[in-house]
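K.L.:
Quick note, the sequences are listed as chains S and C, same order.
Numbers 8 to 214, taken from the numbering used here, label the letters of the first sequence in order.
Numbers 2 to 225, taken from the numbering used here, label the letters of the second sequence in order.
Ideal Cβ placement from N, Cα and C applies to all residues, glycine included.
Predicted, not measured: the structure shown is a model, and the values here were computed from it.
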Amino acid sequence: MENKSTHFLQGTGLSCIRDDRVLFEELAFEVGPGQVLLLEGKNGSGKTSLLRILCGFRQPDAGQVRWCGEAINDSQFYARMAYVGHLDGIKKELTVLENLTMALALSQPGRYTIQQALARVHLEGYDDMLVQTLSAGQKRRLSLARLLLTENDLWILDEPFTSLDKQGIALFESLMSEHCANGGMIVLTSHHDIVLHGVDVQRIHLS
Amino acid sequence: MSLSKAFFAIIRRDLVLALRRRSEVVNPLLFFMLVITLFPLGIGARPHLLQAIAPGIIWVSALLAAMLSLDSLFRSDFDDGSLEQILLSPHPASVLVLGKIIAHWLVTGLPLLIVAPLLAVFLGLPNHALSVLLLTLLLGTPVLSLIGAIGVSLTVGLRRGGMILSLLVLPLYVPVLIFAGNAVEMASSGLPVDAQINILIAILLMSLVLAPLPTAAALKMSID
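Shown next, in the form of structure tokens:
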């Protein structure tokens with residue numbers, strides 16, 4: 008096993024051009040254990056594009072994304088990250104339990120069991136409910152439960168607070184602080200002001 | 002060990018989903034049966050003509066039914082973001098995609114095999130050709146799902162990919178149609194069909210090995 012403290016995500020000279028419009032150029036950052044990278048900027052400023060580049064869904068027009076010093080495709084990156092995007096990535100015809108079992112099968116089991124993860128996001132007792140009967144906020148909490156379920160260091164989150172209520176936001180902020188305290192790292196975009204106590208937050212403003 | 006777990010979990014999940022969205026299973030099957038029943042109605046009371054073209058009718062209908070069912074292969078996963086999660090898995094995407102294709106065949110290809118004998122009798126196909134018809138369907142329909150998967154993975158990101166999909170995929174179905182149709186025709190005349198069956202087996206094995214890789218690569222492009 009690699010030493011956890013050597014894990015870091017690095018972007019160097021990243022550029023993204025979409026429809027002849029330069030979204031960002033020469034962007035560089037480094038996120039290490041316990042750190043949060045918060046991407047800010049107007050709608051259409053390239054926050055989601057940057058996250059999708061970090062996930063490897065999109066190739067940067069210049070520059071490179073590295074995990075522990077290696078290009079993400081050649082490294083253990085995908086075994087160490089978890090992503091929650093605009094789309095929840097959960098099947099509405101399946102039950103809560105079936106969705107989480109699938110998520111677990113696709114990755115390595117992590118710190119929490121399914122039941123513990125559900126309890127952490129206050130969805131205990133919903134195991135056998137079809138996801139289509141859940142509210143938007145509950146669906147969001149379910150997709151966030153996936154983060155707790157699998158073995159990972161890096162969370163990549165695109166607007167994680169969408170459709171969460173005040174308690175949901177507070178709950179998730181505490182989960183994020185906990186993740187960082189355990190040596191995890193987070194890259195996220197958010198329109199909400201996030202409150203993370205005792206966490207090293209870097210901000211990148213895209214314009 | 003965990004790769005095979007993920008592989009079977011995907012197959013299981015897609016089968017459960019198909020069970021809960023039955024129209025996906027039933028529509029292509031009904032389409033297959035309806036198209037075949039239209040031929041006797043259109044051609045009229047000419048049993049010999051019908052018998053002569055029965056292999057072609059059954060196979061062309063199977064091709065069209067497979068076409069019709071293809072869109073459901075990745076559509077819902079693409080729309081709800083499950084596809085992103087599958088592609089972000091540390092497991093090789095091509096193996097997971099193969100799991101999805103197998104589940105798709107079990108749901109849309111296998112039922113054709115079950116109703117085919119009934120329809121063959123209906124068209125007056127000789128009894129001794131029935132086993133060959135079933136064998137060609139067993140070997141040929143998985144190829145339709147495998148080749149179709151490449152086409153769907155290229156078009157799933159397009160808003161109106163349906164027409165392009167048929168233009169892309171139908172020409173690639175031609176070899177299967179030729180050898181399968183020919184095998185059934187030869188069998189109805191009592192001739193040996195080993196050569197055609199061997200070629201179908203070869204096509205199946207080749208597409209099993211070769212189709213999942215470009216499918217996974219094209220899906221990665223489509224989700225951008």
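Quick one: is S/Lys11 near chain C, going by C-beta distance under 8 Å?
P.N.:
Translated into positions along the first sequence, residue 11 of chain S becomes position 4. Note on S/Lys11: pLDDT 48, under 50, position unreliable in the model; no value is reported.
K.L.:
Give a yes or no on whether the minimum CB-CB distance between S/Ala86 and chain C is below 8 Å.
P.N.:
Counting from one through the first sequence, the residue named residue 86 of chain S turns up at place 79. Output row for S/Ala86: interface = yes.
K.L.:
Taking only three categories from DSSP, how would you classify S/Cys187?
P.N.:
If you number the first sequence from 1, residue 187 of chain S lands on position 180. It is helical.
K.L.:
Pull out every residue of the stretch 60-78 of chain S whose Cβ sits closer than 7 Å to any Cβ of chain C, in chain order.
P.N.:
Cys62, Phe64 and Arg65
K.L.:
When the cut-off is 8 Å and only beta carbons count, does S/Asp95 lie next to chain C?
P.N.:
Your numbering for residue 95 of chain S matches position 88 in the first sequence. Yes, because at least one Cβ of chain C sits closer than 8 Å to the Cβ of S/Asp95.
K.L.:
When DSSP labels each residue in this structure, what does S/Leu171 get in the three-state scheme?
P.N.:
Residue mapping note: residue 171 of chain S aligns to position 164 of the first sequence, counting from 1. Coil at S/Leu171, not helix or strand.
K.L.:
Would you report the Cα separation of S/Ala110 and C/Phe123, rounded to the nearest angstrom?
P.N.:
Reading the first sequence from its first residue, position 103 is the one you call residue 110 of chain S. Reading the second sequence from its first residue, position 122 is the one you call residue 123 of chain C. Between S/Ala110 and C/Phe123, the C-alpha separation is close to 46 Å.
K.L.:
Any beta-carbon of chain A closer than 8 Å to the one on S/Lys98?
P.N.:
In the structure shown, chain A cannot be found, because the protein chains are S and C.
K.L.:
Between the stretch 19-35 of chain C and chain S, which residues of the former have CB atoms less than 8 Å from a CB of the latter, in chain order?
P.N.:
Arg21 and Arg22
K.L.:
If you reduce the DSSP assignment to three classes, tell me which class C/Thr38 lands in.
P.N.:
What you label residue 38 of chain C is simply residue 37 of the second sequence in a count that begins at 1. Three-state DSSP puts C/Thr38 in a helix.
K.L.:
So with CB distances below 7 Å, who are the chain S contacts of C/Ser190?
P.N.:
Translated into positions along the second sequence, residue 190 of chain C becomes position 189. In chain order: nothing, as chain S lies at least about 48 Å away.
K.L.:
Assign S/Glu32 to one of two classes, buried (16 or more other C-beta atoms within 10 Å of its C-beta) or exposed (fewer than that).
P.N.:
Within the first sequence, the letter at position 25 stands for residue 32 of chain S. It counts as exposed.
K.L.:
Run through chain S and tell me which residues come within less than 7 Å of C/Asp72, C-beta to C-beta.
P.N.:
The residue labelled residue 72 of chain C in the question sits at position 71 within the second sequence. The premise fails here: C/Asp72 is roughly 17 Å from chain S at the closest Cβ pair, so nothing lies under 7 Å.
K.L.:
Which same chain residues, not among the five before or five after S/Leu104, have their C-beta less than 6 Å away from its C-beta?
P.N.:
Walking along the first sequence from the start, residue 104 of chain S turns up at place 97. Correct list, in chain order: Asp134.
K.L.:
Nearest chain C C-beta to S/Met192 closer than 8 Å, yes or no?
P.N.:
Taking the first sequence and counting its residues from 1, the one referred to as residue 192 of chain S is at position 185. So, not an interface residue.
K.L.:
S/Ser22 lies in the alpha helix (DSSP H); which residues open and close that run?
P.N.:
Within the first sequence, residue 22 of chain S is the residue found at index 15, counting from 1. No alpha helix (DSSP H) contains S/Ser22, which is instead part of the beta strand (DSSP E) from Leu16 to Arg25.
K.L.:
Less than 8 Å between the C-beta atoms of C/Tyr174 and C/Leu214, yes or no?
P.N.:
Indexing the second sequence from 1 puts residue 174 of chain C at position 173. Indexing the second sequence from 1 puts residue 214 of chain C at position 213. Contact flag unset, no.
K.L.:
Based on Cα-Cα distance, which residue from C/Leu201, C/Thr109 and C/Leu119 lies nearest to C/Pro30?
P.N.:
Residue numbering aside, residue 30 of chain C sits at position 29 when the second sequence is read from its first letter. Reading off the sequence, residue 30 of chain C comes out as Leu, not Pro. If we check each option's Cα against that of C/Leu30, C/Thr109 comes out closest.
K.L.:
With a threshold of 6 Å on Cβ separation, who are the neighbours of C/Val157 within its own chain once the five nearest residues in sequence on each side are excluded?
P.N.:
Position 156 of the second sequence, counted from the first residue, corresponds to residue 157 of chain C. Hits under 6 Å: Phe75, Phe79 and Ser223.
K.L.:
With H, G and I counted as helix, E and B as strand and the rest as coil, what does DSSP make of S/Val29?
P.N.:
In the first sequence, the residue the question calls residue 29 of chain S occupies position 22. Three-state result, S/Val29: strand.
K.L.:
What residue range is occupied by the uninterrupted alpha helix (DSSP H) comprising S/Tyr85?
P.N.:
Against the first sequence, residue 85 of chain S aligns to sequence position 78. Phe84 to Arg87 is the extent of the alpha helix (DSSP H) around S/Tyr85.
K.L.:
Report the option in C/Ala188, C/Phe40, C/Leu51 and C/Leu166 whose CA atom is closest to the CA atom of C/Ser73.
P.N.:
Start at 1 with the first residue of the second sequence, and residue 73 of chain C comes out as number 72. Nearest option by C-alpha distance: C/Leu166.
K.L.:
Answer with buried or exposed for C/Pro56, where buried requires no fewer than 16 other C-beta atoms within 10 angstroms of its C-beta.
P.N.:
Taking the first residue of the second sequence as 1, we reach residue 56 of chain C at position 55. Buried.
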